[in-house]
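For reference, the structure discussed in these notes is given below.
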Amino acid sequence: MKIMRDPKGPLIFKIGQRDHISPNLLGPYFTLTNSHSRQALVSSPLHTFNFFFIVIVIFMAGEESKKLKLYSDWLSSCAGRVRIGLNLKGLEYEYVPVNLLKGEQQTPEFLKLNPVGFVPVLVDGDVVLADSFAILMYLEEKFPQHSLLPKDLHGRGINYQAANIVCSSIQPYQNIAILKFMKEKLGPDADVAWARDQIRRGFAALEKLLKDYSGKYATGDEVFLADLFLAPQIDGAIRIFKVDMDEFPLLARIFKAYLELPAFRDAMPGRQPDTPAEHRD
Ligand SMILES: N[C@@H](CCC(=O)N[C@@H](CS)C(=O)NCC(=O)O)C(=O)O
Numbered sequence: 001m002k003i004m005r006d007p008k009g010p011l012i013f014k015i016g017q018r019d020h021i022s023p024n025l026l027g028p029y030f031t032l033t034n035s036h037s038r039q040a041l042v043s044s045p046l047h048t049f050n051f052f053f054i055v056i057v058i059f060m061a062g063e064e065s066k067k068l069k070l071y072s073d074w075l076s077s078c079a080g081r082v083r084i085g086l087n088l089k090g091l092e093y094e095y096v097p098v099n100l101l102k103g104e105q106q107t108p109e110f111l112k113l114n115p116v117g118f119v120p121v122l123v124d125g126d127v128v129l130a131d132s133f134a135i136l137m138y139l140e141e142k143f144p145q146h147s148l149l150p151k152d153l154h155g156r157g158i159n160y161q162a163a164n165i166v167c168s169s170i171q172p173y174q175n176i177a178i179l180k181f182m183k184e185k186l187g188p189d190a191d192v193a194w195a196r197d198q199i200r201r202g203f204a205a206l207e208k209l210l211k212d213y214s215g216k217y218a219t220g221d222e223v224f225l226a227d228l229f230l231a232p233q234i235d236g237a238i239r240i241f242k243v244d245m246d247e248f249p250l251l252a253r254i255f256k257a258y259l260e261l262p263a264f265r266d267a268m269p270g271r272q273p274d275t276p277a278e279h280r281d
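Now the structure itself:
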């Protein structure tokens, strides 16, 4: 029996006259083929001796291909939002590292998953989704446990607004391409100083918005969508851009509360499979 590894796509089981991995050998043979790549993963002579083994392999391969896959970089705040959502909902997932500093988001294989060349990307069977907001809305509908949205419409609106301040009005200013451009145009420290200003502007708006809604967390005493966006953004502000959080007491307070929650703590940059040793918590 020969087994090759190719995790993508549902599997096709075939019985035929040929060994699909070594086609010169004649059968009867059974073969498991990946529907996506058409590649033979398992090929073996067919006799009752290995029947039960075959059933187990098919079952395990099926379970494996059903598992969610998250393309992520340890330091990505956008991927961090999804990591928290997956943890809160208790969903197991395979972590696929994409090293942004090495430019792995621009490889032809990755651009097939997300033509914009950003993480996160979530793969759920045949469904490929990029963009943290879209992914979290998808997860919310497919896996309603631990809802990310409050029941009341106004509360949902505030959550959308706060999440969007982070994802449209703060985070895009600190992306690699922008920082590189700023550095090249304005000098070696200009990128960080400029990003810090954008973060401070956004945080000031969030402090004003959330003062009437916050409880233990951003919009009350339960964590919701806004918190998933805020936690990695505040972490990045402190870790990378050295923002002084004394200016933002509400955000500083809820950030401390996030770090008490395992779903948040485990999603932070210091605890990912691709976190470099010197940055591990
Ligand atoms: N709106 C997107 C933004 C995604 C995004 O900007 N991702 C960053 C990491 S947080 C990225 O992949 N940057 C790579 C680059 O700038 O080349 C989302 O929310 O997922």
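For the sequence shown, UniProt numbering assigns the number 1 to the initial residue and increments by one for each residue that follows. Just so it is clear, CB atoms sit at the ideal spot from N, CA and C, and this is done for glycine as well.
Contact test: residue i Cβ vs ligand 1 heavy atom, cutoff 8 Å
i	result
residue 273	no
residue 119	yes
residue 175	yes
residue 79	yes
residue 76	yes
residue 308	Summary: the structure shown does not reach residue 308, with the chain confined to residues 1 through 281, and so no result is reported for it.
residue 169	no
residue 100	yes
residue 106	yes
residue 130	yes
residue 73	yes
residue 287	Only positions 1 to 281 of the chain appear in the structure, and residue 287 is not among them; the question remains open.
residue 269	no
residue 45	no
residue 249	no
residue 181	no
residue 172	yes
residue 241	no
residue 133	yes
Residue range of the unbroken beta strand (DSSP E) whose run includes residue i
i	result
residue 72	68-72
residue 124	121-124
residue 97	93-97
residue 251	Looking at the DSSP string, residue 251 is not in any beta strand (DSSP E); the run it does join, the alpha helix (DSSP H), is 249-258.
residue 136	Counting along the chain, residue 136 falls outside any beta strand (DSSP E), though it belongs to the alpha helix (DSSP H) covering 132-142.
For residue j and residue i, believed in contact at Cβ under 8 Å, the rounded distance
i	j	result
residue 233	residue 171	6 Å
residue 291	residue 107	Past the boundaries of the shown model lies residue 291; the chain is included only from 1 to 281, so the question cannot be answered.
residue 80	residue 268	7 Å
residue 206	residue 165	6 Å
residue 118	residue 78	7 Å
residue 140	residue 132	At roughly 12 Å, the Cβ-Cβ gap does not stay under 8 Å, so residue 140 and residue 132 are not in contact.
residue 163	residue 229	4 Å
residue 257	residue 216	5 Å
residue 122	residue 91	Between residue 91 and residue 122 the Cβ distance is about 10 Å, and since that is not below 8 Å, they are no contact.
residue 95	residue 273	5 Å
residue 252	residue 243	Incorrect: roughly 10 Å between the Cβ atoms, too far for contact.
Range of the contiguous alpha helix (DSSP H) that encloses residue i
i	result
residue 197	190-210
residue 184	176-186
residue 108	108-113
residue 237	225-239
residue 262	262-265
residue 82	77-88
residue 169	153-169
Contact test: residue i Cβ vs ligand 2 heavy atom, cutoff 8 Å
i	result
residue 227	Questions concerning ligand 2 fall outside what the structure shown contains, since the ligands it does hold are ligand 1.
How do the segment 124-142 and the segment 192-202 stand: do at least 3 beta-carbon pairs fall below 8 Å, yes or no? For the pair of segments examined, the segment 124-142 was found not to touch the segment 192-202: the number of CB pairs separated by less than 8 Å stays below three.
Answer yes if the segment 260-278 comes into contact with the segment 107-121, meaning at least three C-beta pairs across the two stretches below 8 Å, and no otherwise. Below 8 Å, too few C-beta pairs join the segment 107-121 and the segment 260-278 to call them touching: fewer than three.
For the 8 Å Cβ check, are there 3 or more pairs between the segment 177-194 and the segment 208-225? Cβ pair count under 8 Å is below three, so no.
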